[in-house]
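Asker:
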Amino acid sequence: MLHDLFHWMQNEWGVEHTVYGRSFSQALLESLNAWGLLEGTHLLMLMLFFGTILMVDLRLLGVAFKEQPVSVISNKILKLTVFSMVVVMVTGVVLFFSKPEEYWHNIWFRTKLVLLAVAIINVAVFHKLVQKNQAEWDSAPKPPSKARISAIISIASWVAVIGCGRLIAYNWFECGKPQPAWVNSAQGCAISSKGAMDMDAVTGTAAGVDLPPETPAETPPAEAPAAEAPATQPEAK
Amino acid sequence: MFLAQGNFAVDDIIPQIGPWVENIGTTKIATLFQDLFAFIEIFHILGLFMLGGATILVCLRLIGVGLTEVSPSVVEKNTRLWFNIGVIMAIVSGLMIGLSNAQKLYNNSAFLFKMLAMFSGIFFSYFVVNPVARADGKVGPGAKIWLLVALIIWVLGIVVMLTNVGSDVGVFHVIVAGGLVAFAALQGKARWILVAGLVALIVPWQLLTHIWIRTDDANMVPYDTTNKIFMWSTAAWIGAFSVANILGKAAPKDSNATARLIGFAAILVWVTVGAGGRWIGLT
Chain A
167 MLHDLFHWMQ
177 NEWGVEHTVY
187 GRSFSQALLE
197 SLNAWGLLEG
207 THLLMLMLFF
217 GTILMVDLRL
227 LGVAFKEQPV
237 SVISNKILKL
247 TVFSMVVVMV
257 TGVVLFFSKP
267 EEYWHNIWFR
277 TKLVLLAVAI
287 INVAVFHKLV
297 QKNQAEWDSA
307 PKPPSKARIS
317 AIISIASWVA
327 VIGCGRLIAY
337 NWFECGKPQP
347 AWVNSAQGCA
357 ISSKGAMDMD
367 AVTGTAAGVD
377 LPPETPAETP
387 PAEAPAAEAP
397 ATQPEAK
Chain B
34 MFLAQGNFAV
44 DDIIPQIGPW
54 VENIGTTKIA
64 TLFQDLFAFI
74 EIFHILGLFM
84 LGGATILVCL
94 RLIGVGLTEV
104 SPSVVEKNTR
114 LWFNIGVIMA
124 IVSGLMIGLS
134 NAQKLYNNSA
144 FLFKMLAMFS
154 GIFFSYFVVN
164 PVARADGKVG
174 PGAKIWLLVA
184 LIIWVLGIVV
194 MLTNVGSDVG
204 VFHVIVAGGL
214 VAFAALQGKA
224 RWILVAGLVA
234 LIVPWQLLTH
244 IWIRTDDANM
254 VPYDTTNKIF
264 MWSTAAWIGA
274 FSVANILGKA
284 APKDSNATAR
294 LIGFAAILVW
304 VTVGAGGRWI
314 GLT
């Protein structure tokens with residue numbers, strides 16, 4: 167269902183209203199000013215977001231601002247973190263709108279969403295459970311282990327979110343290219359416009375396919391689905 | 034002359050090294066870095082984010098906002114290690130990126146303004162911001178000289194950015210960052226007047242350049258002229274409010290005017306570095 171929505175958004179929504187018959191998504195992607203400003207703003211606000219949350223996490227780990235209470239550091243810095251997070255989220259959603267179908271079937275994007283969920287759950291757990299008795303350890307140079315674990319999860323998950331965000335731009339695992347079945351399944355290639363191509367089927371290692379050694383790996387055997395034609399295997403989601 | 038040429042890049046300054054730069058891309062080490070490009074890029078971005086986060090806290094403290102319950106020297110002392118790690122990460126990975134992509138960067142105007150901004154940022158942070166923060170806002174003669182040097186280099190970078198049709202719009206990141214810092218530093222009604230002015234400028238600018246003005250590669254003049262008109266208008270509007278802040282009209286009490294100017298300018302310099310990096314990819 168989401169695939170259909172994103173396919174319509176990327177390819178059809180707005181084609182009757184734009185001058186060159188592009189969808190609103192394509193118009194945004196090809197815009198002269200808006201796209202560059204959005205991407206740049208997303209990145210710069212991410213800098214503010216990550217930089218500030220890192221400092222709070224380092225305080226929780228007991229390696230920076232050890233002489234200051236956690237509350238003094240977090241109360242002031244987290245305002246900047248929340249502000250930048252809101253801008254990052256808004257610009258991120260608009261950037262997603264530029265190629266919703268492609269991003270939806272991108273393994274890095276999907277991994278990023280999972281990691282974002284981990285990071286957000288960690289924030290919720292920190293506020294609900296770890297912070298409950300903060301008054302007891304607020305001034306301690308080294309906060310208790312549960313606070314330090316939360317800080318480590320926070321740093322690790324945000325680093326991974328940033329990494330995945332950067333890797334979205336690379337088409338190593340683009341649907342329609344020959345790749346392992348689990349990758350096709352993880353990014354839902356079977357229902358994407360570009361389809362799913364199983365690496366094993368292409369290289370002839372799949373059961374029942376016995377290619378001669380001189381057959382080039384790039385040439386799909388007759389049994390393998392074509393890149394353009396979506397495979398019929400069910401979507402694993 | 035350079036301004037008239039547009040897209041002024043390193044190849045305009047040192048054309049003699051052209052063949053050498055071309056050759057770099059074929060070396061083994063460059064090929065290795067090309068293969069690892071995506072991961073080096075992530076390392077580079079994380080380094081920039083780390084140094085950006087560390088320096089913005091010090092700069093905001095000099096302006097008189099952020100961690101106001103502790104002194105600027107304490108903020109600088111606690112962020113120094115992370116700032117240094119960020120700088121090392123950004124420079125080491127930046128050299129790897131440069132080696133793997135030398136030809137493109139050599140001809141790229143955005144790369145030149147990023148480099149100018151980076152040198153300015155490093156001078157700013159190590160010789161101006163950090164010493165001033167360590168002295169809790171007192172600005173010594175050495176810091177004043179380096180402030181001048183760093184400002185001149187930064188302005189040169191902005192000039193290069195403005196000559197590049199297409200990435201000149203990247204100057205808006207610097208201008209809007211100025212607006213955001215002014216927003217954080219201003220108090221009371223003044224900050225909302227600032228926002229109203231920004232909305233009144235940015236909305237018509239986007240409408241004009243996306244709906245009204247039709248451009249093609251053969252005629253970028255109307256688009257570029259509109260960008261520049263709105264760029265200068267927005268900069269003037271934010272500048273007026275920033276000056277009001279720096280001179281103390283609506284400024285926090287807990288800092289002096291020169292320290293505020295230093296904090297304000299240093300943030301904009303590092304924003305220029307970040308914006309420059311992004312526009313390398315877009316141009």
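The listed protein sequences derive, respectively, from chains A and B. One rule links them: number in my numbering = place in the first sequence (from 1) + 166. One rule links them: number in my numbering = place in the second sequence (from 1) + 33. C-beta atoms are modelled at their ideal positions from N, C-alpha and C, and glycine is treated no differently.
(1) Is B/Q239 helix, strand or coil by DSSP?
(2) So, under 8 Å CB-CB, A/M213 and B/G272 are touching, yes? Tell me the CB distance rounded to an integer number of Å.
(3) Does the beta carbon of B/A308 fall short of 8 Å from some heavy atom of the ligand PLP?
(4) Just the C-alpha distance for B/Y14 and B/I246, rounded to the nearest angstrom, thanks.
(5) Using the beta-carbon count (16 or more within 10 Å), is A/Q345 buried or exposed?
(6) On the three-state DSSP scale, how would you describe B/P174?
(7) Kindly indicate which three-state DSSP category A/Q345 falls into: helix, strand or coil?
(8) Per DSSP, which residues does A/M363 bridge with? Please list them.
(9) Leaving aside the five residues before and after A/V181 along the sequence, list all residues of the same chain whose C-beta is less than 7 Å from its C-beta, in chain order.
(10) Name the residue from A/H173, A/H169, A/T207 whose alpha carbon lies nearest to the alpha carbon of A/V256.
(11) Which residues in chain B sit within 8 Å of A/R332, going by Cβ to Cβ distance?
(12) For B/T305, does the count of other Cβ atoms within 10 angstroms reach 16, so buried, or fall short, so exposed?
(13) Please state if the CB of A/E340 and the CB of A/K308 are separated by a distance shorter than 9 Å.
(14) Please classify A/W338 as buried or exposed, where buried requires at least 16 other C-beta atoms within 10 Å of its C-beta.
(15) Could you run through the region 302-318 of chain A and flag, in chain order, every residue whose CB is less than 8 Å away from some CB of chain B?
(16) Could you tell me the alpha carbon to alpha carbon distance between B/L195 and B/V214, rounded to whole angstroms?
(17) Would you please verify whether the beta carbon of A/G217 is less than 9 Å from any beta carbon of chain B?
(18) Taking buried to mean at least 16 other C-beta atoms within 10 Å of its own C-beta, is B/D68 buried or exposed?
(19) Looking at B/F70 and B/S133, is the spacing between their C-beta atoms short of 9 Å?
(20) For the region 141-149 of chain B against the region 258-268 of chain B, are there 3 or more C-beta pairs whose distance is under 8 Å?
(21) Using a Cβ-Cβ cut-off of 9 Å, state whether A/M251 counts as contacting chain B.
(22) Going by beta-carbon coordinates alone, are B/W179 and B/L301 separated by less than 9 Å?
(23) Buried or exposed: A/S250, going by 16 or more other Cβ atoms within 10 Å of its Cβ?
(24) With three or more C-beta pairs closer than 8 Å as the rule, is the region 190-197 of chain A touching the region 263-276 of chain A?
(25) Could you check whether the region 221-228 of chain A touches the region 312-330 of chain A, counting it as contact only if at least three pairs of C-beta atoms, one from each stretch, sit closer than 8 Å?
(26) Does any C-beta atom of chain A lie closer than 9 Å to the C-beta of B/A308?
(27) Which of the three DSSP states is assigned to A/S358 in this structure?
(28) Indicate whether A/V327 and A/L282 have their beta-carbon atoms separated by less than 9 Å.
Answerer: To lay it out plainly:
(1) Reduced to three states, the DSSP call for B/Q239 is helix.
(2) The pair is not a contact, with the Cβ atoms about 23 Å apart (cut-off 8 Å).
(3) In the structure on display, the ligand PLP does not appear, and there are no ligands present to speak of.
(4) Chain B is shown only over 34 to 316; residue 14 of chain B falls outside these bounds and no answer can be derived.
(5) Around the beta-carbon of A/Q345, 16 or more other beta-carbon atoms lie within 10 Å, marking it buried.
(6) Residue state, collapsed to three classes: helix.
(7) Strand at A/Q345.
(8) Answer is A/P344.
(9) Cβ-Cβ distances below 7 Å link A/V181 to G187, R188, S189 in the same chain, with the five nearest sequence neighbours on each side left out; the list follows chain order.
(10) The shortest C-alpha separation from A/V256 is found at A/T207.
(11) A71, E74, I75, I78, listed in chain order.
(12) With 16 or more other Cβ atoms within 10 Å, it is buried.
(13) If you check the CB distance, A/K308 and A/E340 do not come in under 9 Å.
(14) Answer is exposed; the Cβ neighbour count stays below 16.
(15) The region 302-318 of chain A vs chain B, Cβ under 8 Å: nothing.
(16) Cα to Cα, the separation comes out at about 22 Å.
(17) The beta carbon of A/G217 falls within 9 Å of a beta carbon belonging to chain B, placing the residue at that interface.
(18) That one is exposed.
(19) Yes. Within cutoff.
(20) Not touching, per the Cβ criterion.
(21) Contacts with chain B at 9 Å (Cβ-Cβ) do not include A/M251.
(22) No, the pair does not count as a contact, with Cβ atoms beyond the cut-off.
(23) A/S250 counts as buried, since at least 16 other C-beta atoms from the protein chains shown sit within 10 angstroms of its C-beta.
(24) The region 263-276 of chain A is in contact with the region 190-197 of chain A.
(25) With a cut-off of 8 Å, the region 312-330 of chain A and the region 221-228 of chain A count as touching, because enough Cβ pairs lie within range.
(26) Answer yes: the Cβ-Cβ gap between B/A308 and chain A drops below 9 Å somewhere.
(27) Of the three classes helix, strand and coil, the one that applies to A/S358 here is coil, per DSSP.
(28) The Cβ-Cβ distance between A/V327 and A/L282 falls below 9 Å.
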